[in-house]
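Single-structure report; data block below.
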C-alpha cells in the first residue's frame, strides 16, 4: 500500500496538466469466445475497435459489443466519444468465486461507472474504491479490514498510454468456514506503452506457445519490457522476470465409472494441501479441450484442487482425463527470468530465447533450514521429493490450542525397543509435547492407523511396522531448477517452400541440494528441422511437410511441447527421458469440397520404443452430405515387446438443412504382446463404437441432438484379449422454444453396461433439464433446473482458529469450565464483539460415492397491471427454492428424489426455500404479507453427520395512519435445530414465537422514528428437562439524513429475559443470544458522512450490557475513496 500516495499524486498531477481527448481505451484480460460489451454515453457508432489486433480475432455482434475468437490475451479496447471533457469511467466485471463454491465464467461486461473523485481536463480515466476499516472491542483487541480496487487507463502524453488494475483485498471468513486460504488476495497490473515500447508490472503472465521446444505459460508477480521496431520488419526484444505464483504440472485422473466428481487434482503435486492457480488449468477429456463453467463442461474449486464434471459429460472407466495446471508454490520461493530477441526480415526470421525458473533452496517455507534436515535432503539424491521427520516440540499452552498433541513413549517388542507417539490427554503429565504430522503412505505401508476421538481424527500406533497406513513423517518436495536456451530460424527458400530450424539446450536439476553438494547439473539438447511446401496443382492445393527431431537423452521441456496425445499414440503411458529420433512426412491435397492427406512417422526412442506410424485422412463433401475419415496404423516395439495401435474413425452426415442425420464409427485397438509367445501384457484401449444420431436446427433458435451408440470393450485376461463389457448408450440434448416465451433446455444420458466378468451389470442415468419462460397474461415468470448425476462426497475435518476482531464468525463458550478450548465449544456468534474465531475445513482424501439430485426453482408472480380487478391487482407471490441431496440409496426412485427424508443413506443435503405472499390494497395502501423460509444443511464430517435446520414463518400487517404514521403487527414462528454426531454438546432444538407490534413516524423523507415492542417465547426441546425463556423487548430507532451525504441512525433496546435453564451450553447460548436472564440493554448507532465528493466515512458502534455483567463494546470505522 506504500504505492498508493504515489498513485493518487500521479493522478492529481495529470488531472491538472492533461488535455481532453475523444479517444478512450481500456484494458481487459479476455478468453476465447468471451463477449465484451461497452456501455457508454455518446459513443460514436462504428468507432469501437481492439488496439493492435487483427479484425480476424474478433466479430462484432453490435456497435457496442464483440466476441473474442482468438486465444486468451490482454487486449486494449478503444472507442470514440463526441464529448470527452469528463471521461466515463469503466471497470472490468469478471466472475468471482469463493472457496468450495461453483466457479462460473461470465461474459466480460464493461459497465459505465460514475466517478465521485473527478479530475478536470484529465486524459486518464479512473474507477474504483479504496476502503479501510478498523474494528475494536472491549478487550482492546482490534482488527483491520482493507480493500483497494483501482482501474486506470488513458494517456500520460500524446505518445505514452497507461492501463492499470490494482486490487488489494483482505477476504473475510465466511460463516460455514469455506474460505480455505487465510491470506490477502492481491492483484496488481500496470501497463505503460507506446507504439514501440511496453512495460508491464505486477501480476502478469509469461507465455510462449509458438516456439517448437520452448513452451510455457506462467503466472508471476514481476515486470516485463517489450520493444518492437517501427515497421513489422526489424528487431523485437523482450525481457521479463518475477516471482512465480505457481508451478506447472500435468495431472492424470483415474476415473470411476459414471462418477462426475469431485476428483482431487493431487497427482504430481508435492504439496500437503494443493491450491490451483485460478484460470491456469486446461482440462482434456479423450483428447478434447473442455470449457469451464456451470453451464459448460466442468467446475473447479481452486482452493481445494477439486474438479467436478457437468451432468451432460459422460465419465466412464475408460475416459482419459488429463489436466494441465499451475499450483501454488508453498514450499520454496520460486523465480523466473525470460529474455528473447527476434529479428524479422523480408524472407524469414531468426530468434534466440533464454528461460530460467528455479526454487530458492536456501529459504524453505515448510521446514527449518537445519544442517540435519539438509543432509537428509542431499541423501535423497536426484529425485523430486524426500521424507523427513514430521514432528516438532510444542512450545505453547496446551490448553489454548485445538491441535492434537502427542507424547513420546517407548515399547519393548521381541527384545527390540520402539519409540512411538500417543495422543496426549489433559489428564496426563508430560514434560514434552509434540506436534506431529502424519502422512498417508498406503495400506500396509505405515505403522499408524487413523481413529476418531471426540469428533477429531487421531493416529494410533499399531505396534509394529507395516500394520497401518500412516507414519509420523513429512513428504516434502525438493527444490528444482529448469532452464533452456532456444534458437529458431525461418527462411522462405522459394515462393512456395519454407525452411525452419529449431535447436534447444536444457539444464535441469531435480534436487538442488543434491546438485549443489555434488556440483553437477543435467544437460540435454534437442534439434528440429522442417521443410514446408505449399503449391497449387490442377486446381488443388498441395501441401507437404517434412520434419526431423533429434532429441538428447536428458532433454526435458519447461512445459509440454508436444500434443497431449503424443505419447499415447505410440503406446507409451508417460514420457521417459531417452535419446530419441523422429522423422515425419505429410502430404495432402485439398479443395473447397475435399481434403485428403497421408502421413508417415518413424520414431526411435533408445531402449524404450521403436515404431512406424501410418495415417490417412479424408474429407469429402457430396451435395448435402459430408464424409470424414481417419485411418491409423502403428507397429513397433516397446521395451522389446510387440506394440501395435489400430485406429479408425469414419462418419457420414448430412450437414445442410434442418434435419441432419448421421452415423459415426470409431475403433481403437492397442495391444502390447510378449515378443516370444504372443502373451498380451497390456492394452491401453480396445473398443469398437457405433453411433447413430440426428441433429435438428431451426431458425427460431431451437436445436437438439439425439443419438444411440453401442460400444464393445475388450481387456487382457491371462494373456489373451477377452470381451470385457458391452454398453448401449442413449443421449438427447438441446434447446426447444415453444409457445412464444418458453424454453426447454438440457441433456439426458442413459447408459446400460453388460459386463462379461468380475462386475455386476449397471444401468444409470444422468443429465440436466431446464425450463424457463413467462406467462404474460397472468404475470408469471419462472426458471426451473434439475440435475442428476453420480457424484462423491468428501468426509471433512475442521478446526477453529483465532482471527482479528470483526473477521470471525464464531465464539467460544467454556461449557465445562476447564479453560480448554474444545472442538464442541464453538458456536456461531450473535454479536459482533464475540466474533473472534473462524471455522476452517481441512481437506482430506476420504471420498464416499453417492448419487446427486439437485432441483432449483425461481419464480415471480405479480398481477399488477395484468387485470382491472382491484383485488387481484394487489397480489404478488415471489420465491426461490433449492433442494440438493447426495444419497447412497440403491433404488432409482430414492436417488432421483431431492425431497427424500434424511436418513443414513443421505450423506449431504442442502435446502433453501424462500417465498413471500403479499396482497396490497390499491386504494388505501395497507398490505398483508406472509413469508416462509427454510434453511437446512447436512454435511458428513470425520466426526459424523452435522445437521442444521432453520424454519421461519412470518405474518406482517402494515396499515398507514394518515400521511405520516404507519403501524405494523408481526407474528413470527421459528424453529432452530442442530445435531452434531459425536459432538453432542453442540446439539440444540429451539422453538420460538414472537409477537411484534410497531409504530413508525415519517414526517419527511429525511427523518424516521420507530418504536417497537416484542414478546418472545423460546422453548428448549432438546434438554432432558425442558426449559423456557420469555423475552420482553422495547426498541426505539431513529434515522435521519441530509441531502444524501449524511445518514445517521440511533437504536436503543431494552430486553427483559426470564430463563430457567443451563446458561453455559449450546441451548443456553441460543436461548439467550449472548445476554443473561434479567434486565439487558443494547444500544447502537451508525453514521455515514460524505466528507468531500468521493470521500465517504462510515462509523458504527454497538454496546451491550447483559444482566449482571460488564458492558461490551464494539466499534468499526471505515473510510472509502471512490475514484
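Numbering (the numbering used here), first residue to last: 714 to 1836. The beta carbon of each residue, even a glycine, is placed where N, CA and C say it ideally should be. On a predicted model such as this, the values are computed, not experimentally measured, just so you know.
Item	Value
DSSP-derived helix/strand/coil call for residue 1491	helix
Own chain partners of residue 1818 with C-beta closer than 8 Å, once the 5 adjacent residues on each side are dropped	1793, 1794, 1795, 1824 and 1825
Opening and closing residue of the alpha helix (DSSP H) in which residue 1586 lies	1583-1586
Beta-carbon gap between residue 989 and residue 1098 smaller than 8 Å	no
Endpoints, alpha helix (DSSP H) assigned at residue 1779	1779-1785
Inter-residue CB distance, residue 1760 and residue 1769 (contact presumed, cutoff 8 Å)	Actually they do not touch by this definition, with Cβ atoms about 31 Å apart.
Alpha-carbon to alpha-carbon, residue 875 and residue 837	8 Å
Residue closest to residue 1109, alpha-carbon to alpha-carbon, out of 1133, 1093 and 1147	1147
Helix, strand or coil at residue 1443 according to DSSP, with G and I counted as helix	strand
Given 8 Å, three or more beta-carbon pairs between the segment 1501-1510 and the segment 1553-1562	yes
Residue 1089: first and last residue of the uninterrupted alpha helix (DSSP H) it sits in	1084-1092
Enclosing alpha helix (DSSP H) for residue 1226 [first to last residue]	1225-1231
Same chain, Cβ closer than 7 Å to residue 1143, neighbours up to 5 away in sequence not counted	1120 and 1137
Proximity to residue 1747 [Cα-Cα], best of 1533, 1724, 1731 and 1732	1724
Residue span of the alpha helix (DSSP H) that contains residue 908, given as start and end	From DSSP, residue 908 is part of no alpha helix (DSSP H); its letter is neither H nor E.
Under the three-state DSSP convention, the category residue 1612 falls into	coil
Residue from 1064, 1640, 925 and 1643 whose Cα sits closest to the Cα of residue 1264	925
Rounded straight-line distance, which links the Cα of residue 1043 to that of residue 1076	11 Å
Whole-angstrom distance between residue 867 and residue 790, CA atom to CA atom	11 Å
Distance between beta carbons of residue 1248 and residue 1259, contact taken as under 8 Å	Contact doesn't hold; Cβ gap of about 14 Å is too wide.
Continuous beta strand (DSSP E) stretch holding residue 1562: start and end	1560-1575
Nonlocal neighbours in the same chain, by C-beta distance under 6 Å from residue 878, ignoring five residues either side	864 and 902
Buried versus exposed call for residue 1130 [16 or more other C-beta atoms within 10 Å across all chains shown]	exposed
Cβ separation of residue 1347 and residue 927, assumed to be a contact under 8 Å, to the nearest whole Å	In fact, because the Cβ distance is near 28 Å, the residues do not count as touching under 8 Å.
Pairwise C-alpha distance: residue 1288 and residue 1083	36 Å
Residue 1353 to residue 1092 span [Cα, whole Å]	34 Å
Whole-angstrom distance between residue 869 and residue 829, CA atom to CA atom	With a pLDDT of 42 at residue 829, under the threshold of 50, the modelled position of this residue cannot be trusted; read the value that follows with caution. Distance between the alpha carbons of residue 829 and residue 869: 21 Å.
Residue 834, buried or exposed, once every other Cβ within 10 Å from all chains shown has been counted against 16	Only weak support is given to the placement of residue 834: the predicted model assigns it a pLDDT of 44, under 50, and the value that follows is read from those uncertain coordinates. Exposed.
Of the residues 1689, 1726 and 1718, the one placed nearest residue 1779, counting alpha carbons only	1689
Environment of residue 686 [buried if 16+ CB atoms lie within 10 Å]	Absent from the model: residue 686. The displayed extent of the chain is 714 to 1836, so no value can be given.
Alpha-carbon to alpha-carbon, residue 1516 and residue 1830	18 Å
Whole-number beta carbon distance between residue 1362 and residue 1342, since they are thought to touch under 8 Å	7 Å
Contacting residues, own chain, Cβ-Cβ under 8 Å from residue 718 (five flanking each side not counted)	The pLDDT assigned to residue 718 is 37, lower than 50, so where the model puts this residue is not dependable; a value taken from the coordinates is nonetheless given after this. Taken in chain order, the list of residues that qualify is empty.
Beta-carbon spacing of residue 1651, residue 1658 below 8 Å	yes
Sequence-distant residues of the same chain with beta carbon closer than 6 Å to residue 1340, five excluded per side	1333 and 1365
As assigned by DSSP and simplified to three states, the class of residue 1473	coil
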